[in-house]
Each structure stands twice: as C-alpha cells, then as structure tokens.
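First the structure, in the form of structure tokens, and then the observations on it.
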Amino acid sequence: MTLYSIRGAISVEDNKKEDIINAAKMLINEIINSNNIDPSQIVDILFSVTKDLDDAYPAPAIRSLGYDIPVMCLQEAEVKHSLRRCIRVLVHIQADEHKKIKHVYLKKAKILRPDISNLKIAIDGPAGAGKSTVAKELAQRLNIEYIDTGAMYRAVTLKLLDKHVDFSDTDTVVDILNSTEIQFENGRIYLDNKDVTEDIRSALVTANVSKVASIPEVRRILVSLQRKIADCKSVVMEGRDIGTTVLKDADLKIFLTSSVEIRAKRRYEELKRKGVKIEFSEVIEQIKARDLQDETREYSPLKMADDAHLIDASNMSVDEVVCHIIELLK
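Residue numbers (our numbering): 16 to 345.
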C-alpha cells in the first residue's frame, strides 16, 4: 500500500452554510473524480477554512455524500492579501497501484496554483489601451503563459501580404491559413518556425490587420486554435473578443481602455522610436478609424462582455492596473 496526499482548494461565494457545504461537496467530488478514487481508499480528509467563513463547518459535506471517513476542520492563519472565503483540503488515500495525482483548485482558488489549475484570464480592449503590457506583466507575476491573439492575426496578415494574396479571395486565404503554423515561445511569436516578433509590427501589417481580422473564416480558425491553447494551460489571453467569443468561460474578464489621446500618444511614441515620421493628429485619426472598424465589424465586434470588469487606465500605472487585476482574482 502507498499513501498519497492530494491537495485542493475552492473559493466560496458568501459566508452562508449552504454555500460552504456546496463548495466543499464540489471540491471533494472533483478530487475523487479527477483522481479516479474509490471512496474505500480514502484514509482521512483535513479541511481548513479562512477566518471569514464561520457560518458552517465544511465537514458535513462529507457526511451528506455518504462517506464514513475521519474528517477534521481547522482555521487558516490570517495572512495579509490572501484569498478570501477559501476552503482548502488535504485528502489522504491508500492505493495498491501507482497513481498519478491531480491536485484540484477551483473557482478563485485557481490563483493559488495557476501553474496546474487551467486559470483563464481574458483581457480585451481597444488598440493602444496597454493590453499587451499589462497582460505580459500579469502573466509573469502569476508564472503562466501570455497569449497575444493580436499577434496571431498580425502573423497571418504578414504571410498573406508576403504572398500578395487578395484578402477577398477567401478560399485562398483559408488554404494558406490551414497550412500555417503559429507558436509562442519565451515571449516570441513564430510563423512557420520563423521568428516574426518584430516583422509583425510593421506599418504595413498594422494598416491591414483589421481587414484580415474581419474575415469570418480567419477568425473561426484562429479562435479554435486559441481555445485549444487555453484548454491545455493557464493563460492570460489578450485581444478584442476574448471574453465575448474566445473564452466565454474565462475565470476573470477585463475590459481595459484609455482615452483616445493617451492611446494615440503611446502609438506615436512607439512609431517615433522606430524612426517613422508621422503627425500626432494623424495617429489620433488612425486610432479612431481602428476603433470604428473593430466596433462595427460584422463578426465578433469589439465590445465589453457583460461579466467583464471595466478598467480605465488613463491615469493608472501598469503596476496599479496589474495589482488591481490580481485583487479581482482574489
């Protein structure tokens, strides 16, 4: 016989007996199902709860499931900035065969172990709102994957431009896309095994990417790829339709915006660094035109999801935005 320890945690909506019991049931059932456990293998179950959950013990959840197992409930140490209304559990089992253990973290408790919990964070917003900068920093702090969906559309646009494809020739566009490989690695994007991280930021690609992104067939193919990526790992995914289309089941949805003037200033400074000569007024008009195109396209237009949190970062630093998002996760 081998003794195994399985950890888990779940957040609770409110400090109410029913919510506490139901959350404990959900957590235990998921641990049992995910690890293919026979209840007779369970040695004991140790619960701990945060101090703000005092309307009921989670232990009755085990009895209501029909299990006659030794159970203990403890109170968590109170730590600053820790996850609120949280139930943690340690389940000990004995098994003859070798078992691959899966620890289970549900709801907001996913933030405790984002590396194993398939945490999905969606960040949407208009061009120049600072989504990429915020998403990268957030992913780095949580130690999870950053997925720039806009870069994927830019990569496709680059390939179509290089091949001089007419965007209205949908069949050719789809054929090319179906034979295209897009990968992310260490913050770089690869198109057919070639690093195109800088190439996709050219003025020509920028001027055409919305046209390509508005092609329904392109969006369907890339949305499918984006979902597959998010199903395999924890991600911070940013774009323009993540919360409304790509990851409708995201654990947290953010709609990040800033004033047109601030977004135009960021783009203007970026172009200046690249040696591009352009008037600030022209950049403002480009931003406005891009907004209109994104908001009025027929397929998956830019809009805030009903359950998204709106953040206006016009007067906020990147650190302030990231810290705010982390608090929302808790």
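All C-beta atoms, glycine included, are put in the ideal place defined by N, C-alpha and C.
| Identity of the residues DSSP links to Y19 by a beta bridge | I108
| task | Out of S273, V275, V298 and D83, state which residue places its alpha-carbon closest to the alpha-carbon of K285. | result | For clarity, residue 285 is Glu in the given sequence; the question names Lys instead. Of the candidates S273, V275, V298 and D83, the one whose C-alpha sits nearest the C-alpha of E285 is V298.
| request: Please list the segments of the alpha helix (DSSP H) lying wholly inside the stretch 75-120, counting only runs of 4 or more residues, in order along the chain. | output: 75-79
| query | Quick one, which of I46, D34 and K32 has its alpha-carbon nearest A24's? | reply | I46
| task | List the residues that DSSP assigns as beta-bridge partners of H324. | result | I269
| said: Check this for me: beta carbons of A166 and I215, under 7 Å apart or not? | reply: yes
| task | Within its chain, find whatever has a CB closer than 6 Å to the CB of T407; leave out the 5 residues flanking it on each side and keep chain order. | result | The chain is shown only over 16 to 345; residue 407 falls outside these bounds and no answer can be derived.
| field | Whole-number beta carbon distance between A265 and I136, since they are thought to touch under 8 Å | value | 6 Å
| message | Comparing C-alpha positions only, which one of K178, L89 and D246 sits nearest to V261? | response | D246
| said: On the criterion of 16 or more Cβ atoms from any shown chain inside 10 Å, does G81 qualify as buried, or is it exposed? | reply: exposed
| With DSSP run on the structure shown, which of helix, strand or coil describes R203? | strand
| Span of the beta strand (DSSP E), counted from its first residue to its last, around M41 | No beta strand (DSSP E) holds M41; the alpha helix (DSSP H) holding it covers K32 to S49.
| field | V188 - DSSP class collapsed to helix/strand/coil | value | helix
| How many Å lie between K111 and D327 at the Cα? | It should be noted that the sequence gives Asp, not Lys, for residue 111. One C-alpha to the other measures close to 56 Å.
| task | Label L317 either buried or exposed according to how many other C-beta atoms from any shown protein chain fall within 10 Å of its C-beta, with 16 as the threshold for buried. | result | buried
| CA-CA distance, D69 and L61? | 17 Å
| task | Compare the C-alpha of T272 against each of R234, R282 and L325 and name the closest. | result | L325
| request: Using three-state DSSP, classify M252 as helix, strand or coil. | output: strand
| said: Just to confirm my understanding: we take M331, look at its own chain, exclude 5 residues before and 5 after, and list those with CB closer than 8 Å. What are they? | reply: H339
| task | Round the Cβ separation of L219 and L176 to the nearest angstrom and send it over; I've been treating them as touching at under 8 Å. | result | 6 Å
| Residues sharing a beta bridge with K209, DSSP | L206
| query | Buried or exposed: which applies to G145, given that a residue is buried once 16 or more other Cβ atoms fall within 10 Å of its Cβ? | reply | buried
| query | So, are the CB atoms of E33 and A150 less than 7 Å apart? | reply | no
| query | From this set, R156, E93 and Y161, which residue's C-alpha is nearest Y147's C-alpha? | reply | Checking the displayed sequence, the identity of residue 147 turns out to be Ser instead of Tyr. Checked all of R156, E93 and Y161; the closest Cα to S147 is Y161.
| said: Measuring alpha carbon to alpha carbon, tell me which residue in V224, V58, A170 and N223 is nearest N208. | reply: A170
| said: Applying the 10 Å Cβ sphere with the 16-neighbour rule, what's the burial state of G140? | reply: buried
| query | How big is the Cα-Cα spacing for D67 and D163? | reply | 37 Å
| task | Could you check the C-alpha separation between D190 and D130 for me, to the nearest Å? | result | 35 Å
| query | In its own chain, which residues sit with a C-beta less than 6 Å from the C-beta of V64, not counting the 5 before and 5 after it? | reply | I102
| field | Exposed unless 16 or more other CB atoms sit within 10 angstroms - verdict on G290 | value | exposed
| query | Whose C-beta lies closer than 8 Å to the C-beta of Y19 among residues of the same chain, with five residues either side of it excluded? | reply | H107, I108, Q109, A110, K114 and I116
| Out of F295, I269, F270 and K268, which has the shortest C-alpha to C-alpha gap to R281? | F295
| field | Contacts around T187, its chain only, beta-carbon distance under 8 Å, and the 5 residues preceding and following it disregarded | value | V180 and D181
| task | Along the alpha helix (DSSP H) that carries F295, what are the first and last residues, could you check? | result | F295 to T311
| said: Please identify the residue among S79, R312, A142 and M319 whose C-alpha is closest to the C-alpha of K303. | reply: A142
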